[in-house]
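Comments concern the structure below.
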Amino acid sequence: MSDVMDRLQEASRRNTTLSPRQFETETNSQGSLSEIATLVADTALALRSGRSNPLRVAIPAYESFTTAGDGSDQTFTVTHDLVECPDTQDVAVWFDGDYQGSPQSIDHDANEFTVSGPGSAVTVHAYYISGKAATFQLRKKTPSAKQSASAKLYEANLGLVHQANQSEQPEFLSLDESPLERFIASDMELTARIKAPYQVRWTDPDGDETEPTNVLLQAPAQKANGEIEGLRSAVSADMGR
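Just so we're aligned, residue 1 is where the sequence shown starts under UniProt numbering, counting upward by one.
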């Protein structure tokens, strides 16, 4: 391992922030621990840890409704505890494929939001921040036809995280169990998983090409300029300790 650590020390690298657009995303299976985002490393990555390297997390729930089509103000009730989030929009609204931003008003106590409907019936796609208990994890894994290994890097209850001011109470990674814990080698995967009672979607099921503009999934990292010889086998062995 010492040779690998020496190569890591000597490797040229730059700071970066991993974000949803770098991940392959998918819808969760409600109530089950599901992968919702996967990043395949194209070069060696090192996740940055500690309070000075905050991790930003907010994973919206998705629901849809239909307007009356008469141009009136309409109020819709969501299912999964609409809460106030200090770090992002509480609700992001689309009419079919047209982005509307935040709704006209929000009643958190009643789990309701109000929009001014257009003169024709449209689908209201709502991505909202839920206060329901939900387990969120970040994991790294080494996929292989013969053998795979994975390790949990972070876990939190989104019901609490969503309502905290992350600027004042930042989430962060604690990766100090081994010198290699924070490293992800080329072709390894960083995955986000969630077990939530609500549906998580990265676009709507109707083909309107909406997206959750209020999602936060930002992980500070360092990216090497190339592969590090021996890193994958060393990380795999470290994960199997």
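Even for Gly, the Cβ is constructed at its ideal location relative to N, Cα and C.
Query                                                                                     : Result
First and last residue of the uninterrupted alpha helix (DSSP H) at Ala234                : 231 to 239
Closest residue to residue 317 among His162, Ile184, Arg21, Ser236 (Cα-Cα distance)       : Here the chain has residues from 1 to 241 only, and residue 317 is not among them.
Check whether Gln218 and Ser19 have beta carbons under 8 Å apart                          : yes
Alpha-carbon to alpha-carbon, Ser233 and Met239                                           : 10 Å
Distance, Gln104 Cα to Asn111 Cα                                                          : 14 Å
Pair within 8 Å by beta-carbon distance, Thr191 and Lys141                                : yes
Pairwise C-alpha distance: Thr123 and Val93                                               : 10 Å
Helix, strand or coil at Asp176 [DSSP, three-state]                                       : coil
Nearest to Glu35 (by Cα), restricted to the options Phe136, Ala237, His162, Ser174        : Phe136
Same chain, Cβ closer than 6 Å to Ser120, five either side skipped, listed in chain order : Gly69
Secondary structure of Arg14, DSSP reduced to three states                                : strand
Bridge partner(s) assigned by DSSP for Asp98                                              : Phe95
Under the three-state DSSP convention, the category Pro20 falls into                      : helix
Residues that Lys141 bridges to, as DSSP identifies them                                  : Ser150, Glu189
For Val57 and Glu168, the rounded distance between their alpha carbons                    : 14 Å
Beta strand (DSSP E) segment containing Leu217, residue limits                            : 216 to 224
Element boundaries [beta strand (DSSP E), containing Leu160]                              : Here Leu160 belongs to no beta strand (DSSP E); instead the alpha helix (DSSP H) covers 158 to 161.
Buried versus exposed, by CB contacts within 10 Å (16 or more), Pro212                    : buried
Pairwise C-alpha distance: Ile59 and Glu84                                                : 13 Å
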